[in-house]
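Each remark here refers to the structure printed beneath this line.
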Amino acid sequence: MRLVLSFALAQLRVTLRERETLFWFVLFPVVLFVLLVAIFGSLGREGTIHFEVGFLNRDQAAGEAGLGRRIEAILEDLAQPGADGKEPLLSLHRPAGTGDLDAFQAREEQAVRYGTHALLVVVPEGFSARVRDALSSRSTTDAVRIQVFRRAGSASSGFALSILRQVIAGVDQGVLASGGRFRAEDAVVVDTVFLGSARGAEVRYVDFLLPGLVLMAFFTAGLFGVPGALLFAREQRILRRYWVTPFSVSHFLAGFSVTHAVVCALQFTLLIVVGRFALGAEVSFASPEAALFLVLSCATFLAFGFFVASLTKTGAAGMALANAINLPMTFLSGLYYQLGPLPGPLRILLSVNPLSYLADGLRRVIGLEGATSPLWLCVLVPILWMAFSLLVAGRRLSWDVGR
Amino acid sequence: MSALRGRAFLGLVRAEARAFWRDRVSLFFTIVLPFLFIVVFGLVMGGGEGAVAVGYAGGAVAEGATLERALRETEGIVPTPFGDAASLKRAVEGKRVGFGVLWEGDRLGLLYEASRFQENFAFQELARGIVARFDLARQGASPAVALDEIPLGNPAAARSFNEMVPGILAFSLLTAGLFAVSGHLTSMKARRTLDRLLTTPMSPLGLLLAVAVVRLAVALSASLVVLVLSQVLFRFEPTLDLAKFLALVLAATLGMMGLGTGIALLVRRPQSAANVANIVSILMMFLSGVTIPVELLPPFLRAISRGLPLTYLAQGMRHATGIEEMSAGRFWAIVLGSLLVGLVTFPLLARYVVRPERR
Amino acid sequence: MDENGLLLRVTDLRKSYGDVRAVDGVSFAVPRGTVFTLLGPNGAGKTTTLEILEGLREPDSGTIEVFGRSLRRVDRATKERMGVLLQEGSFEPYLKVKEVVALFASFFARPLPVKEVLERMELTEKQNALVRTLSGGQKQRLGIAVALVSDPELLFLDEPTTGLDPQARRNIWDVVRDLEGRGKTIILTTHYMEEAEVLSDDVAIMNHGGIIAQGAPRDLAARLGRETVIEFALAGARPEDLRELEALGTGLSTHGEVVFLKTAAFTATMERLLDWSKERRVALSGLVVRQPNLEDVFLSLTGRRLRE
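Quick mapping for you: the protein sequence lines, in order, are chains R, E and P.
For the first sequence, my numbering gives the first residue as 57, with consecutive numbering after it.
For the second sequence, my numbering gives the first residue as 1014, with consecutive numbering after it.
For the third sequence, my numbering gives the first residue as 36, with consecutive numbering after it.
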């Protein structure tokens, strides 16, 4: 016991003194956390997106009947900064004075084609008149169309377009209402429900991400930390200094595990603190089930680390292997976001990835529902991985260099 | 260069090539990693293309047929009927549909899966369109005003995968150039290999040229491998403008070597340079429009992306592979700018290489 | 320790790696309180032999009797009473010197106080320095400190002074002599002849995995007879020259350009040698006159020098 703890303490000192380890295992998850929340946390929300939109009103009608002008006014409104100085949704580009409208349109189309502008909206000539005619006619006619030029394949152009659709739908309702064809007060009542969260409300990304990042941190510590330390110590012949004393391999393994657990605890604490106090996370891990999953994760990745270490002979090869494994496993796992439908081979990978199950299980026990696998499976798969890793590592791992 | 120098130079190039090939870590980062990125990112985050499956229930209830009609008339969705509320909810939770519309005769429920962060905001826009259309149809009205969508540019870009691959290509050029300096050369410096090489008649510039030549070859082959594999495996459809492509590869690799030089000069310990390069490239990957469009980033991150070289390289690569249109002036400005960065920093790099190591 | 006062007895130890017989039937015995040295060039099998005794490797055959017990492989109880300095080994670069010693001290039931060990190896000033900042000599001293911390009865020192400057080397010799004075038993390997001569009670010369000669240093040297060795360098010597030179003394061996001429009648041989060189107009450079030593023993037994 004394040997194990004394070694664990020494190993902990070594881990915390290496600046690189400190950065990748402790700081980097926090940095990634902040970055991902900043990028995805407010996706699509007001004040966070911005589009350049060109607008050309060829409709001659003015005053009350000027629909083109009405649409323009709405867009102008959207181009104003928000109440608290938030960035407006659009910047509107319009022809100067009464210059050459065709030239303006050509320029704007070019801008859309090149991606510098998201959309070009053109209200055609005689637009208001045609709408008035359509309203007064008794038969149903096709809607009068406004031209919208967008950039093919551009996600942002597409999003700007969907916003514009809302604007036009609103205008449309207004027109129909004023023409007596639509009663706004009879509009259908809409309830919005978010399934899979404890209170039916929208799950906040920061709450969704926090458990994912905790697992990522544990995983990194296991995947990179274990082979790194172990292979290096063996290569540099540090290990053999231990083996000529009463300190044995089992002492080493026990001590190493203690150190790993402490590192995991450190990562966890840091992420929770940053999440709670800097990013406003609300999830709580204070339950025995959550503790179970955290401990299970820590142990699974420790075993996995030994497994990876047993696959290569040198430290450099071990690190290359760890790098190769890291990306597919973390990105095909639902740690950072929920995965959409995947093609066949990738789905198989997903279905054996212990990270997915642990993420699933952990999220479920802290109150973020929406898991796709039963809870017992979320425990079983990691345990199987642990057993497999230990079996292989136990057979293959050598504790001293060759001759 | 005299014949002797020429032979020595070739020898150095060969040695550099061999060293790169044997350096498994470097090999991984410049060739395997970009391809892995494509597979992982392209198939995972590139979701949302094509029509969205929208589940609905309540077709049998009064005005349910109206709802069905409104759904059918909405563009970009595939209406998918369900027998009852319970099965619809299960479908939404199991992500078999994008979102659900539940009509209960007097209220319309919009059901979303709480954790679909990247997609829900787009789904909500679609839902608003459906509700508007339904509202109109219930009152027997039809839209008076509508939009006529006219796509401009290359229709091939409509596949988000086609948008993504050039970004990944640009990223692999970034890493090829960046790690050549802040990785390879810095580790040579740390291991004193540089000092040994410099005691030979070969000048520092000659050594750097050898490194650059090898890295260019690497960047080119890596890009071609990625291009071919993307075409074969994922039906990526580029229209390659060879001259522009080659120019971009050359300029980008040299320019990114320049970036690597900057890092090497700023970071004191050579071993740390590779780590800094790693972090820089990961940050750039997220913030340069390679993984997520720049317009969708919050303002301060968008501002950062305007200062990142990868943003421009990715745009240039999209143009060189015929995915997106760009003015010729802008493209060549990107190429020239990158080339200039590389050329200007070359002498700085040469000085770094001979600078004595301070313990 | 058995009735004969032996702490360690090795019998017919063998270890092969494929075709290579690293240890080929090695036998020796070490009495308590003595210094036993394995002497030989690199690749002779000294380190492998030691690694087997330290418990790092398992022998193919042979027996080891240590502390009165017969073992196939050295076990934990034995390791409690042993201290080991490995030839090739490092410590964690990011640990401090005192932390390393404290760590190893914790492995044993009754270690010496860390401070005392640090003082003994003159590392007190460096106790808070990280291992990665130490010089070669300091790292070696740390290794010995770690070997000593358990206050072992049996100490293995594998090449303790390799790579050290002469002053540091003499310091280590002082430590070894001091330890012997305290009744420790020490097994040493080295390829430095002087070290073997100065420190050892018993020397075993190894080559190609086997012991080719064994005895007290003086006795071994004396095997060459009570003769003097005249050593000089001779460029471009022809076979006839060497034959003539051999006739001047009692025996001749060469190594490259260096000639070792043995003689029982020093003055006469010296005169004739100088005449010879004057007649032949040949220069004899680096002329040294000395008593035979272990290097000469080794050379005469194997035709190789220790330092190859």
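Where is the CB? At the ideal position from N, CA and C, for every residue including glycine.
Computed from a predicted structure; not experimentally measured.
Buried or exposed for residue i, going by 16 or more other Cβ atoms inside 10 Å?
{"i": "glycine 1059 of chain E", "result": "Interpretation of glycine 1059 of chain E is limited by its pLDDT of 48, a score under 50 that renders its predicted location unreliable; the figure taken from the coordinates is listed afterwards. Under this definition glycine 1059 of chain E is a buried residue."}
{"i": "arginine 1371 of chain E", "result": "Any reading at arginine 1371 of chain E must be qualified, since the residue scores a pLDDT of 49, below 50, and its modelled position is unreliable; the value itself is stated next. Label assigned to arginine 1371 of chain E: exposed."}
{"i": "glutamine 67 of chain R", "result": "buried"}
{"i": "tyrosine 298 of chain R", "result": "buried"}
DSSP beta-bridge partners for residue i?
{"i": "alanine 64 of chain P", "result": "P:Arg44"}
{"i": "methionine 241 of chain P", "result": "P:Ile246"}
{"i": "phenylalanine 295 of chain P", "result": "P:Glu266, P:Ser288"}
{"i": "tryptophan 208 of chain P", "result": "In DSSP, tryptophan 208 of chain P forms no bridge with anything."}
{"i": "lysine 50 of chain P", "result": "P:Val58"}
{"i": "aspartate 1 of chain P", "result": "The structure shown has nothing for residue 1 of chain P, since chain P only spans 36 to 343."}
{"i": "glutamine 1244 of chain E", "result": "Glutamine 1244 of chain E is not bridged to any residue."}
Go ahead and pull the three-state DSSP assignment for residue i.
{"i": "isoleucine 127 of chain R", "result": "helix"}
{"i": "histidine 149 of chain R", "result": "strand"}
{"i": "tyrosine 1069 of chain E", "result": "strand"}
{"i": "phenylalanine 98 of chain P", "result": "The sequence as given places threonine at residue 98 of chain P; phenylalanine does not occur at that position. Three-state result, threonine 98 of chain P: strand."}
{"i": "serine 1195 of chain E", "result": "helix"}
{"i": "glutamine 1328 of chain E", "result": "helix"}
{"i": "tyrosine 298 of chain R", "result": "helix"}
{"i": "glycine 1060 of chain E", "result": "Here glycine 1060 of chain E scores only 46 on pLDDT, less than 50, and its place in the model should not be relied on; the value that follows carries that caveat. Coil at glycine 1060 of chain E, not helix or strand."}
{"i": "phenylalanine 333 of chain R", "result": "helix"}
{"i": "serine 343 of chain R", "result": "coil"}
{"i": "serine 320 of chain P", "result": "strand"}
{"i": "tyrosine 1125 of chain E", "result": "strand"}
{"i": "isoleucine 1347 of chain E", "result": "helix"}
Leaving out five residues before and five after residue i in sequence, what residues of the same chain have Cβ atoms less than 6 angstroms from its Cβ?
{"i": "alanine 415 of chain R", "result": "Gly268, Leu271, Gly390, Leu391"}
{"i": "glycine 371 of chain R", "result": "Leu287, Phe288, Glu291"}
{"i": "glutamate 1081 of chain E", "result": "Gly1072"}
{"i": "glutamine 161 of chain R", "result": "Leu112"}
{"i": "arginine 1331 of chain E", "result": "Pro1179, Glu1337"}
By Cβ distance, which residues of its chain are closer than 8 angstroms to residue i, with the 5 residues on each side in sequence left out?
{"i": "glutamate 157 of chain P", "result": "Arg176, Asn206"}
{"i": "proline 410 of chain R", "result": "Thr356, Phe360, Val437, Pro438, Trp441"}
{"i": "valine 70 of chain R", "result": "Ala285"}
{"i": "glycine 1089 of chain E", "result": "Ala1064, Val1065, Leu1139"}
{"i": "leucine 322 of chain P", "result": "Ile265, Glu266, Phe267"}
{"i": "glutamate 275 of chain P", "result": "none"}
With the cut-off set at 9 angstroms, would you say residue i and residue j are in Cβ contact?
{"i": "histidine 243 of chain P", "j": "glycine 80 of chain P", "result": "yes"}
{"i": "phenylalanine 275 of chain R", "j": "phenylalanine 63 of chain R", "result": "no"}
{"i": "phenylalanine 139 of chain P", "j": "serine 185 of chain P", "result": "yes"}
{"i": "valine 227 of chain R", "j": "leucine 191 of chain R", "result": "no"}
{"i": "leucine 1160 of chain E", "j": "isoleucine 224 of chain R", "result": "yes"}
{"i": "valine 1366 of chain E", "j": "proline 1217 of chain E", "result": "yes"}
{"i": "glycine 1111 of chain E", "j": "glycine 1122 of chain E", "result": "no"}
{"i": "phenylalanine 1299 of chain E", "j": "isoleucine 95 of chain R", "result": "yes"}
{"i": "leucine 344 of chain P", "j": "leucine 280 of chain P", "result": "Not covered by the structure: residue 344 of chain P. The range shown for chain P is 36 to 343."}
{"i": "valine 244 of chain R", "j": "valine 1144 of chain E", "result": "yes"}
{"i": "glutamine 222 of chain R", "j": "alanine 240 of chain R", "result": "no"}
{"i": "valine 152 of chain P", "j": "leucine 183 of chain P", "result": "yes"}
{"i": "glutamate 93 of chain P", "j": "arginine 104 of chain P", "result": "no"}
{"i": "serine 1351 of chain E", "j": "leucine 1261 of chain E", "result": "yes"}
{"i": "tyrosine 1325 of chain E", "j": "isoleucine 1347 of chain E", "result": "yes"}
{"i": "threonine 98 of chain P", "j": "valine 58 of chain P", "result": "no"}
{"i": "arginine 325 of chain P", "j": "threonine 225 of chain P", "result": "no"}
{"i": "leucine 192 of chain P", "j": "valine 211 of chain P", "result": "yes"}
{"i": "leucine 424 of chain R", "j": "valine 339 of chain R", "result": "yes"}
Ignore the nearest five residues each way along the sequence and tell me which others in residue i's own chain have a CB closer than 7 angstroms to its CB.
{"i": "arginine 1085 of chain E", "result": "Pro1092"}
{"i": "leucine 327 of chain R", "result": "Pro85, Val86, Phe89, Leu266, Leu269, Val270, Ala273"}
{"i": "glycine 1335 of chain E", "result": "Asn1167, Pro1251, Thr1252, Leu1253, Asp1254"}
{"i": "phenylalanine 349 of chain R", "result": "Leu414, Gly417, Leu418, Val421"}
{"i": "arginine 403 of chain R", "result": "none"}
Quick one: list the residues of chain B neighbouring residue i, beta-carbon separation under 9 angstroms, in chain order.
{"i": "phenylalanine 71 of chain P", "result": "In summary, chain B is missing from the structure at hand, where the protein chains are R, E and P."}
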